[in-house]
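A short worksheet on the structure shown next.
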Amino acid sequence: MPQSPITTDVRQRFGLRIERDLLQLAIATPTEGPSHRITIEAIHCPRPDGWLSPAAQDDLVDCLVKWRHKHQMDQGITVASLDGDYCVTRITTGHPQDVDSELNTLGTRIPRYLQLGPGEKVIGSFRERLAASVDYAVTGVASRGVIETVYEAFRAADLNVLWLEPSLNSLARLAGHLGHCNAAPALIADGTGRQWDVGIAFEGRLLLDYRPAAANNEQGFHDAVINHLERLRRFCQRHRQLSDGNLSELLICGSPEKAKAAADLFDDSSDIDAAVLNVSGGEFILEQSEHESGTTAVVATVLPLLIGIQNDGVPDLLDHVRRAPDVSTTTQVLRIAWPALVAAVLLLGSFAMVHRQRGLADRAIQRREAMQAEVYRTKARMMTLAQRRQLVDHFGRIEKGAAEPRWNLTLRQITQSLLDRCKLNSFHVEDGHQILLDGTVTDESLVYEQVSQFRRLPEVEQVALKATNPEPQTRGIRFLIGLHLHKETLPVVDSTSED
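Under my numbering, the first residue of the sequence shown is numbered 26, with each subsequent residue one higher.
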């Protein structure tokens, strides 16, 4: 639904004000003079949850279609405002660099506006240069779900709406246009919705959107204003640097009964002069349809079209939503679904990384199992080799133990070591390593010499003289000598060769 420029040949202009339970339409028709005849119509919502609830969508579209056909709204220009129940307005003013900084900070806080409900938020912004070094910026904030609901209703009713601005901003413009807050700032209050909206206006511009928590009825509104008046005055003097910031004037909008009841509560107050904002007379000729209880605050919605304000002079809450149909379906899907796509890409990347790491881990486990199996096989072979070595050593010991010494060689070595005057009578092997020699010598001294001779033999480990006895028949000395042979040097019979 593209925006259309304002043309001079259009006679009727329409202002649509959307509240929770009330839908108002202001129809401005030029007269012969400078004034406009303004007809106001209002329709109450038949649903308990209000016009913007899902159950009331068809009713909202039917109401818009009815008005479009009845007043031929497609031949005029239509603008709309949204009640403070669904949006808030933030004001920034000062040096351009300070305004830039505050707007950046505001952009980070907007997603946390819990009073507008959960979900994504959309903004409508307007900025102008008041002086060489002074900028003024208005930022309207609302839930994307609410704005999309309103926009889809406009589209379904085939109604071309130039902009949708916060209602309190339009009321500040109306108050300035009527000359109420040009010399000094004034309080403005709108009691149309479920809760009172309070703001500060100066020279037709909104300086503060203030929504007291306890202002849900006339008495609560009165008490909140009285209790916070000094704070609001300090705000004007310090933050907005206004020399005259006493806020002695309070302009009240709403249904006639509600607005008058609220104004009467301030009759005893000497600090503030409260009055109902009256738009009848002068350039506005009001005509309210019979059997309708709409308020005159809807005049503020259509006022910009009557004083020549263009599209870029208001904070349009439809700005970001309206652009969506101008882009391709693919772009819209990507714009909406990019968080899910990013999450899916990250999830797939994580899954691929986990899969790769699991593959590496599985291969490492397989290699470890293969190495463990090889270690087990190596240990088994080593154990087998050790057992075989033990068996070979055992067989070697058996072979050594079972080998028969070659006594002929031993006897030859012993006899060759006998002295010339020594005679060997007997050679007796006792246990394989012990040999007992029985011999005779002519002189006893030769016995000891023979013992020394035996000790020189490499095969002999120990020599023991066991006995010496004289032999009367031969006049010699008979001796018994024991030889203990080395096991390692004892010659044995080779089983592979013949002696």
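Backbone N, C-alpha and C define an ideal beta-carbon position, used for all residues, glycine too. The structure displayed is predicted, hence computed values, not measured ones.
The shortest CA-to-CA distance from glycine 464 to any of Glu455, Leu449, Leu203, Gln397 is the one to Leu449. Residue pairing of glycine 165 in beta bridges, as defined by DSSP: Thr114, Gly149. Taking C-alpha positions only, arginine 230 is separated from cysteine 70 by approximately 31 Å.
By the CB criterion at 8 Å, isoleucine 102 and phenylalanine 151 fall outside the cutoff. The three-state secondary structure of isoleucine 310, taken from DSSP, is strand.
Residues of the same chain with a CB within less than 6 Å of the CB of valine 327, apart from the 5 flanking positions on each side, are Arg38, Gly40, Ala51, Ala53 in chain order.
Residue pairing by DSSP puts proline 495 in a beta bridge opposite Ile502. Of all alpha-carbon atoms in Ile43, Ile172, Pro79, Val90, the one lying nearest the alpha-carbon of alanine 67 is that of Ile43.
Under a 10 Å Cβ-count criterion, proline 136 is classified as exposed, with fewer than 16 other Cβ atoms of the shown protein chains found around its own Cβ. Scanning Leu482, Glu127, Val472 for the CA closest to the CA of leucine 490 turns up Val472. In the three-state reduction of the DSSP assignment, threonine 409 falls in the helix class, which pools H, G and I.
Leucine 311 and isoleucine 65 do touch by the CB rule: their CB atoms are close to 7 Å apart, below 8 Å. Per DSSP, the unbroken beta strand (DSSP E) holding valine 104 starts and ends at 102 to 107. A contact between stretches requires three or more CB pairs, one per stretch, nearer than 8 Å, and the region 332 to 351 meets this requirement with the region 179 to 198. Residue state for tryptophan 188 is assigned as strand, using DSSP reduced to three classes. In the displayed model, asparagine 336 falls within a helix according to three-state DSSP. The DSSP-derived three-state label of proline 483 is coil. Put simply, the backbone Cα of histidine 509 is about 10 Å away from that of aspartate 456. It is roughly 11 Å from the alpha-carbon of leucine 107 to the alpha-carbon of threonine 217. CA-CA distance, valine 113 to arginine 383, rounds to 53 Å. In this structure, alanine 284 sits away from valine 304, with a CB-CB distance that is not shorter than 8 Å. At least 8 Å separates the beta-carbon of glycine 109 from that of aspartate 293. Rounded to whole angstroms, the Cβ separation of leucine 212 and leucine 276 is 7 Å, and the two are in contact under 8 Å. Annotation for proline 495: Ile502 place their beta carbon closer than 7 Å to its own, counting only its chain and skipping 5 residues before and after. With a 10 Å radius around the Cβ and a threshold of 16 neighbouring Cβ atoms, glutamine 49 comes out buried.
Secondary structure in the region 374 to 454: the beta strand (DSSP E) runs of 3 residues or longer, each lying completely within the stretch, are 447 to 454 in chain order. Within its own chain, the residues whose Cβ lies closer than 6 Å to the Cβ of histidine 345, once the five positions on either side in sequence are excluded, are Val147, listed in chain order. Linking valine 159 to threonine 130 through their CA atoms gives a straight-line distance of about 19 Å.
When the alpha-carbon of proline 143 is set against those of Arg169, Leu155, Gly149, the nearest one is in Arg169. DSSP, reduced to helix, strand and coil, places isoleucine 297 outside both helices and strands of the structure shown, so it counts as coil. Arginine 45 carries a coil assignment under DSSP once its states are collapsed to helix, strand and coil. Taken in chain order, the whole beta strand (DSSP E) runs of length 3 or more contained in the region 186 to 255 are 186 to 191, 211 to 215, 222 to 227, 230 to 235.
Pairing leucine 193 with isoleucine 116 gives a Cβ-Cβ distance that is not under 8 Å. Contact annotation: glutamate 177 and leucine 342 have beta-carbon atoms that are not nearer than 8 Å. Check the Cα spacing between leucine 462 and each of Leu436, Asp468, Arg62, Trp363: the tightest is with Leu436. With contacts defined as CB atoms closer than 8 Å, glutamine 459 and glycine 507 qualify as a contacting pair.
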